[in-house]
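One line per chain: the protein sequences are A and B, in this order.
With numbering that gives the first Met the number 0 applied, the first sequence corresponds to residues 0 to 307, in that order.
With numbering that gives the first Met the number 0 applied, the second sequence corresponds to residues 0 to 307, in that order.
Backbone N, C-alpha and C fix where the C-beta goes; we use that ideal spot for every residue, glycine too.
These numbers come from a predicted model, not from an experiment.
2 protein chains.
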Amino acid sequence: MNTTTILISEVGPRDGLQSVKATMPTADKLRWISALHAAGLREIEVGSFVPARLLPQLADTAEVVAHALTLPGLTVLALVPNLRGAQAALAAGVHKITVPVSASPAHCMANVRKSPQAMVEEVRLIDALRRRVAPQVGLEAAISTAFGCNLQGAVPEDEVIRLAVQCAGAGADDVGLSDTTGHANPAQVSRLFTRLRAEIGHQAGAAHMHNTRGLGLANCLAAYEAGVRTFDASLAGLGGCPYAPGASGNVVTEDLVFMFEAMGIATGIDLTRLIAARAPLQAGLPGEPLYGMTPEAGLPHGWTPTAP
Amino acid sequence: MNTTTILISEVGPRDGLQSVKATMPTADKLRWISALHAAGLREIEVGSFVPARLLPQLADTAEVVAHALTLPGLTVLALVPNLRGAQAALAAGVHKITVPVSASPAHCMANVRKSPQAMVEEVRLIDALRRRVAPQVGLEAAISTAFGCNLQGAVPEDEVIRLAVQCAGAGADDVGLSDTTGHANPAQVSRLFTRLRAEIGHQAGAAHMHNTRGLGLANCLAAYEAGVRTFDASLAGLGGCPYAPGASGNVVTEDLVFMFEAMGIATGIDLTRLIAARAPLQAGLPGEPLYGMTPEAGLPHGWTPTAP
Numbered sequence: 000m001n002t003t004t005i006l007i008s009e010v011g012p013r014d015g016l017q018s019v020k021a022t023m024p025t026a027d028k029l030r031w032i033s034a035l036h037a038a039g040l041r042e043i044e045v046g047s048f049v050p051a052r053l054l055p056q057l058a059d060t061a062e063v064v065a066h067a068l069t070l071p072g073l074t075v076l077a078l079v080p081n082l083r084g085a086q087a088a089l090a091a092g093v094h095k096i097t098v099p100v101s102a103s104p105a106h107c108m109a110n111v112r113k114s115p116q117a118m119v120e121e122v123r124l125i126d127a128l129r130r131r132v133a134p135q136v137g138l139e140a141a142i143s144t145a146f147g148c149n150l151q152g153a154v155p156e157d158e159v160i161r162l163a164v165q166c167a168g169a170g171a172d173d174v175g176l177s178d179t180t181g182h183a184n185p186a187q188v189s190r191l192f193t194r195l196r197a198e199i200g201h202q203a204g205a206a207h208m209h210n211t212r213g214l215g216l217a218n219c220l221a222a223y224e225a226g227v228r229t230f231d232a233s234l235a236g237l238g239g240c241p242y243a244p245g246a247s248g249n250v251v252t253e254d255l256v257f258m259f260e261a262m263g264i265a266t267g268i269d270l271t272r273l274i275a276a277r278a279p280l281q282a283g284l285p286g287e288p289l290y291g292m293t294p295e296a297g298l299p300h301g302w303t304p305t306a307p
Numbered sequence: 000m001n002t003t004t005i006l007i008s009e010v011g012p013r014d015g016l017q018s019v020k021a022t023m024p025t026a027d028k029l030r031w032i033s034a035l036h037a038a039g040l041r042e043i044e045v046g047s048f049v050p051a052r053l054l055p056q057l058a059d060t061a062e063v064v065a066h067a068l069t070l071p072g073l074t075v076l077a078l079v080p081n082l083r084g085a086q087a088a089l090a091a092g093v094h095k096i097t098v099p100v101s102a103s104p105a106h107c108m109a110n111v112r113k114s115p116q117a118m119v120e121e122v123r124l125i126d127a128l129r130r131r132v133a134p135q136v137g138l139e140a141a142i143s144t145a146f147g148c149n150l151q152g153a154v155p156e157d158e159v160i161r162l163a164v165q166c167a168g169a170g171a172d173d174v175g176l177s178d179t180t181g182h183a184n185p186a187q188v189s190r191l192f193t194r195l196r197a198e199i200g201h202q203a204g205a206a207h208m209h210n211t212r213g214l215g216l217a218n219c220l221a222a223y224e225a226g227v228r229t230f231d232a233s234l235a236g237l238g239g240c241p242y243a244p245g246a247s248g249n250v251v252t253e254d255l256v257f258m259f260e261a262m263g264i265a266t267g268i269d270l271t272r273l274i275a276a277r278a279p280l281q282a283g284l285p286g287e288p289l290y291g292m293t294p295e296a297g298l299p300h301g302w303t304p305t306a307p
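Structure representation (structure tokens):
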């Protein structure tokens, strides 16, 4: 079999939960993450190591990491905004750290109170730390607002690529591009990921797309065609950014998996179990709206998933 | 300027209205169609010529056509299921007729009580009629369930192409492919439109995509990349098929226009006015849910449309 395989990285427990007002009880988070794992997800961003006063919804991240580490074959990812967060993440035992480096100075300041340049230095410090204490841990930089910003408007593509190259040079294993505020279009996605790959080769990382204006799947398709093989997504389309006004949910994991599997691209994910993982999410966030067209429509008559 | 230009063909007044239980009052239809025209739409499928007992929502199609004919530069399109419908459409003065020819025998029978082969013969009769009485009128065949069917499951691609070739030979000016039930995926869309173009060249017609499982825009992107330049869409994603269980709304015109304009592909449509055209739609169908992400999120900071 010469089936292409891609990695869907579930970010709902971090990107999703940080953007809803309610706090999901820890026990519900653990059940939800177990259900995601049971559906076949093999990378989950389970939380952020940020001060609890800023994101009380994620204050239990260390406990969530401890549970996620018990799930076989799962890469446990956490977001950290700075060196202190990285120390906590490493202490908790995560497999991989992701650091947001915003290409929009306005958003970067609002999000982490640092300039983009200062964030590159933070990546360098985090890399030095993990090399010293936990060299097996992965380090990813995610260039936020890479396709536009609600605060500053257009973001120069040269600036995005320059920052990505700096992050790769500062020690990030891979550098992804994030459409934090749903500005991206397929032509731009294709252009930027092609440039990214030309500049940093195998260090070119994930596409993190939002569905703010409905273009999430089209943008993922364009990224796939430009060679991207890792895609962030959020079950039921939960997500957004508390510091980017108007940003709304991530690409819906269920619809993204349906698209790729229907195309004959294996995700390793069982769609029926994935849709079932909405139940523990809803149980933990009663009343929260869940998005996604595939769960509503059901799988089509004659559906067969792609063998990995 | 070497901007690519595409044609968005609005099908809401036909595909949308046939699939909602309520009947929009004629005066509201006229206001809605005028608002769509004011937003820059230059092709609108305004109704169907079918017996009123089957689709009472569209019983006023002749009156709607008469109004649409007064709007400058607008191509007025109507669906007809058979020769009798074509006679009524020509009498009403439409510019173009579209005939649904389903590639799934089960759906074809449920939809028009004829076999696909009998529908090809109907296309031949309709072509002979219009050549006799109104040779300037366009004739399009739309291969329904071209990507799968809720009744029969998978639809063989060879069968779709064979039927399309037969329709082209029977006198259709162009032949489009319709994802009536939301089964399509981008790889399949790309494959089928590429084959269609190889077989019938410039007679290859529109992509008519539904958003049943969220893939509508991704499928339109794939069709665009395969050379398609006409796209059916429905304002607020209204639509479906009363004879295809589980079929849900069309691609949302607002999101489709946003995608193409953001990519630098001119549609000639003013997005702000297009979003404003939801008001007369909602006024005529109070309580009906309207879909679309772009209207909800608004246009992004720094938005500039593509000059045609």
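Asked	Found
How many whole angstroms separate the CB atoms of A:M292 and B:G213, which I take to be in contact at a CB cut-off of 8 Å?	4 Å
What first and last residue would you give for the alpha helix (DSSP H) that runs through B:F259?	T252 to A261
Quick one: using the 10 Å Cβ neighbour count with 16 as the cut-off for buried, is B:V132 buried or exposed?	exposed
At 4 residues or longer, what runs of the alpha helix (DSSP H) sit wholly inside the stretch 21-89 of chain A?	25-37 and 60-67
Using a 10 Å radius around the Cβ and a threshold of 16 neighbouring Cβ atoms, would you call B:S101 buried or exposed?	buried
With 8 Å as the threshold, decide whether the Cβ of B:L220 is near any Cβ in chain A.	yes
Can you check the stretch 145-205 of chain B for any alpha helix (DSSP H) of at least 4 residues that lies completely inside it and give the ranges in chain order?	156-168 and 185-199
Taking just the CA atoms, how far does A:A141 sit from B:T193?	36 Å
Interface residues of chain B around A:V251 at Cβ under 7 Å?	G213
Cα separation between B:E121 and B:E139?	12 Å
Mapping DSSP to helix, strand and coil, what is B:V136?	coil
Which stretch, first to last residue, makes up the alpha helix (DSSP H) that contains A:L6?	Segment L6 to E9 is the beta strand (DSSP E) holding A:L6; no alpha helix (DSSP H) there.
For a contact meaning CB atoms closer than 7 Å, what does B:M23 contact in chain A?	Here the premise fails: no neighbours, minimum Cβ distance about 24 Å.
Does B:A153 come within less than 8 Å of chain A when only Cβ atoms are used?	yes
Relative to chain B, which residues along the stretch 181-194 of chain A have a C-beta separation below 9 Å, given in chain order?	G181, H182, A183, N184, P185, A186 and Q187
Quick check on DSSP: helix, strand or coil for A:N218?	helix
Give me the DSSP bridge partner(s) of B:V100.	B:I142
Assuming A:T305 contacts A:E253 (C-beta within less than 8 Å), just tell me the rounded distance between them.	A:T305 to A:E253, Cβ: 15 Å. No contact.
Is the distance from the Cβ of A:R30 to the Cβ of A:P294 below 8 Å?	no
With 8 Å as the threshold, decide whether the Cβ of B:P307 is near any Cβ in chain A.	no
Can you look up A:T211 in the DSSP assignment and give me helix, strand or coil?	coil
Does the distance from the CB of A:R272 to the CB of A:L234 come in under 8 Å?	no
Spatial neighbours of A:D172 within its chain, please: C-beta separation below 6 Å, excluding the five flanking residues on both sides.	G137 and L138
Would B:Q116 be called buried (16 or more neighbouring beta carbons within 10 Å of its own) or exposed?	exposed
Between the stretch 102-109 of chain B and the stretch 62-71 of chain B, do at least 3 Cβ pairs fall closer than 8 Å?	no
Determine, for B:A217, whether the minimum Cβ-Cβ distance to residues of chain A falls below 8 Å.	yes
What in chain B is Cβ-close to A:G263, meaning under 8 Å?	A186
Does the CB of B:N149 have a neighbour CB from chain A at under 8 Å?	yes
Which one of B:V119, B:I160 and B:T179 has the shortest CA to CA distance from B:C148?	B:T179
One question on the structure: do B:F146 and B:I5 come within less than 8 Å of each other, judged by their Cβ atoms?	no
Specify the secondary structure class of A:A232 as computed by DSSP and reduced to three states.	strand
Name, please, each residue of chain B whose Cβ falls closer than 8 Å to the Cβ of A:G238.	Per Cβ cutoff of 8 Å: no residues; A:G238 is ~13 Å from chain B at best.
Which chain A residues are close to B:D172, counting only those with a beta carbon under 7 Å from its beta carbon?	By Cβ distance, chain A contributes nothing, its closest Cβ being about 29 Å from B:D172, past 7 Å.
Identify whether A:C265 lies in helix, strand or coil by the three-state DSSP scheme.	For the sequence presented, residue 265 of chain A should be read as Ala rather than Cys. Strand.
Take every Cβ of the stretch 14-28 of chain A, pair it with every Cβ of the stretch 45-60 of chain A, and state whether three or more of those distances are shorter than 8 Å.	yes
For B:M118, would you say it is in contact with chain A, using Cβ-to-Cβ distances shorter than 8 Å as the test?	no
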